[in-house]
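J.:
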Amino acid sequence: MSNDQDGISERLLQEYHRGTLTMVVLSLLEVQHYGYALVQELQAAGMEVTQDTVYPLLRRLEQQGLLSSEWIVEGSRPRKYYRTSPKGVEVVKRLKTQWLSYTETIRRIIT
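Take 3 as the starting number for the sequence shown in my numbering and just add one per residue.
#1: Quick check: what's the CA-CA separation for GLN45 versus TYR57?
#2: According to DSSP, is LEU68 helix, strand or coil?
#3: Measure the Cβ-Cβ separation of TYR84 and LEU69 and say whether it is below 7 Å.
#4: Put VAL51 into one of helix, strand or coil per three-state DSSP.
#5: Grouping DSSP H, G and I as helix and E and B as strand, with all else coil, what is VAL157?
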């Protein structure tokens with residue numbers, strides 16, 4: 003593959019990853035997590051994410067009203083915990099429904 007093709011493939015994979023990560027994060031945050039624990043859970047599940055990816059996404063989703071947050075002090079340090087807001091729950095339901103429909107259609111097309 004040429005460098006140009008590699009670059010195109012990488013950009014397409016990044017776009018795909020970004021869109022699916024939003025749905026996955028909203029789903030996982032139906033149960034309250036703090037940021038680093040969320041990153042660890044995503045990595046343990048096999049998603050290649052870093053804090054540099056997840057924290058900006060959390061801030062953006064909170065600004066959009068899809069997440070709520072609260073600071074909780076555990077031990078000696080405060081942690082910001084995130085949870086999917088009622089608006090976020092509705093959005094992620096629609097995303098999941100659409101995702102399942104798309105993946106089934108894509109599976110039929112490419113196999």
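Using N, Cα and C, we set each Cβ at its ideal position, and we do this for glycine too.
T.: On the basis of the supplied data:
#1: 14 Å
#2: coil
#3: yes
#4: coil
#5: Residue coverage of the chain in this structure runs from 3 to 113, which leaves residue 157 outside it and unanswerable.
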